[in-house]
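Enquirer:
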Amino acid sequence: MNLVFATNNSKKLIEAKEILPVQIEVISLGEIQFNEEIIENADTFPGNALIKAKTIFERFSKPCFADDSGLVVPSLGGLPGVKSARYASEIGAVDHEANNQKLLRALDRFQDRDAYFITVICLILPDGIPRYFEGRVEGSISIEPRGNKGFGYDPVFIPRNHKQTFAELGPEIKNQISHRALALKHMNDFLTTFI
Ligand code: IMP
Numbered sequence: 001m002n003l004v005f006a007t008n009n010s011k012k013l014i015e016a017k018e019i020l021p022v023q024i025e026v027i028s029l030g031e032i033q034f035n036e037e038i039i040e041n042a043d044t045f046p047g048n049a050l051i052k053a054k055t056i057f058e059r060f061s062k063p064c065f066a067d068d069s070g071l072v073v074p075s076l077g078g079l080p081g082v083k084s085a086r087y088a089s090e091i092g093a094v095d096h097e098a099n100n101q102k103l104l105r106a107l108d109r110f111q112d113r114d115a116y117f118i119t120v121i122c123l124i125l126p127d128g129i130p131r132y133f134e135g136r137v138e139g140s141i142s143i144e145p146r147g148n149k150g151f152g153y154d155p156v157f158i159p160r161n162h163k164q165t166f167a168e169l170g171p172e173i174k175n176q177i178s179h180r181a182l183a184l185k186h187m188n189d190f191l192t193t194f195i
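Using the numbering used here, the first residue of the sequence shown is number 1, and each one after it goes up by one.
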């Protein structure tokens, strides 16, 4: 079975190919010649994942999936949430360092620094029904950024039962426990029984 992954992120594509079973060939947007920007303007993770998967399914009639991820901090009412990529931006640019600084400032006066990363995958098979798979990794926000591996909020996120941030732990550990890997594994479990 061929499955289009509606992402332009080559690292995500590699990760999906590693986790999904060999009977499933993961196809990139480049391979189907889709290079338009998809506007993700829903206010939930499943909503944004659906927009991306549906755009591809309706255009190409091919089975596909899309993911949407972010960092959720309950003390901040769920922020940065679906705004994770552009949390510190007025003009829509993505600046990871500014995002981390804004987050640390916002949490200045809070004792409760709990947070989790979440990924929601929306999968659409030939039956056209959207199916959702979620992965979460719980943890807390550090006092200052630490480490230089990874991207985004990795330097300020300490996964539960660890002392180091994701940016210090590096990909070997992160990819075992990450929100994205977990969501992919849930989809993999479903596909293994479905195909
Ligand atoms: P996306 O939906 O996977 O593109 O993620 C949206 C935004 O959430 C990213 O630009 C990051 O700010 C944040 N984010 C998602 N996953 C991670 C992660 O694994 N580490 C750090 N930040 C992440």
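C-beta: ideal position from N, C-alpha, C; glycine also. Since we're looking at a predicted model, the values are computed, not measured.
What is the DSSP secondary structure of glutamate 37, counted as helix, strand or coil?
Expert: Glutamate 37: coil per DSSP, three-state reduction.
Enquirer: Buried or exposed: alanine 181, going by 16 or more other Cβ atoms within 10 Å of its Cβ?
Expert: Alanine 181 comes out buried.
Enquirer: Using alpha carbons as the reference points, say which of His179, Gln176, Gly152, Ser142 lies closest to glutamine 164.
Expert: If we check each option's Cα against that of glutamine 164, Ser142 comes out closest.
Enquirer: Which runs of the beta strand (DSSP E) spanning at least 3 residues fall entirely within the stretch 32-97, listed in chain order?
Expert: Complete beta strand (DSSP E) runs here, min 3: 64-72.
Enquirer: Per the DSSP calculation, isoleucine 118 is bridged to which residue(s)?
Expert: In the DSSP output, where bridge partners are listed per residue, isoleucine 118 has Gly70, Arg136.
Enquirer: Since I believe leucine 107 is in contact with serine 69 (beta carbons under 8 Å), could you give me their beta-carbon distance rounded to a whole number of angstroms?
Expert: That belief does not hold up - the Cβ atoms of serine 69 and leucine 107 are roughly 20 Å apart, past 8 Å.
Enquirer: With three or more beta-carbon pairs closer than 8 Å as the criterion, would you say the stretch 86-102 touches the stretch 41-52?
Expert: They do not touch, by the three-pair rule.
Enquirer: If we count Cβ pairs, one from each stretch, closer than 8 Å, do we get three or more for the stretch 150-166 versus the stretch 46-61?
Expert: No: the two stretches stay apart, fewer than three of their Cβ pairs being nearer than 8 Å.
Enquirer: What do you reckon, is the C-beta of alanine 85 under 6 Å from a heavy atom of ligand 1?
Expert: Yes, since a heavy atom of ligand 1 falls inside the 6 Å radius drawn around the Cβ of alanine 85.
Enquirer: Consider the C-beta atom of serine 153 and the heavy atoms of ligand 1; say whether any pair is separated by less than 6 Å.
Expert: It should be pointed out that residue 153 corresponds to tyrosine in this sequence rather than to serine. Yes, Cβ of tyrosine 153 sits closer than 6 Å to a heavy atom of ligand 1.
Enquirer: Any idea if glycine 30 is buried or exposed, counting beta-carbon neighbours within 10 angstroms, 16 or more meaning buried?
Expert: With fewer than 16 Cβ atoms within 10 Å of its Cβ, glycine 30 is classed as exposed.
Enquirer: Can you check which of these residues, Phe117, Ala85, Gln111, is closest to lysine 102 by C-alpha distance?
Expert: It is Ala85 whose Cα lies nearest to the Cα of lysine 102.
Enquirer: Thinking C-alpha only, which one of Thr192, Phe57, Ala16 is nearest phenylalanine 34?
Expert: Comparing Cα positions, the closest option is Phe57.
Enquirer: Within this structure, are the beta carbons of isoleucine 177 and valine 137 separated by less than 7 Å?
Expert: Yes, the pair counts as a contact, with Cβ atoms nearer than the cut-off.
Enquirer: Assuming alanine 221 and threonine 119 form a contact by the criterion Cβ under 8 Å, report the distance between their Cβ atoms to the nearest whole angstrom.
Expert: With the chain represented from 1 up to 195, any question about residue 221 goes unanswered, as that position is not in the structure.
Enquirer: Taking only the alpha-carbon atoms, compute the straight-line gap between glutamine 111 and threonine 192 and give it to the nearest angstrom.
Expert: The alpha-carbon atoms of glutamine 111 and threonine 192 are separated by roughly 43 Å.
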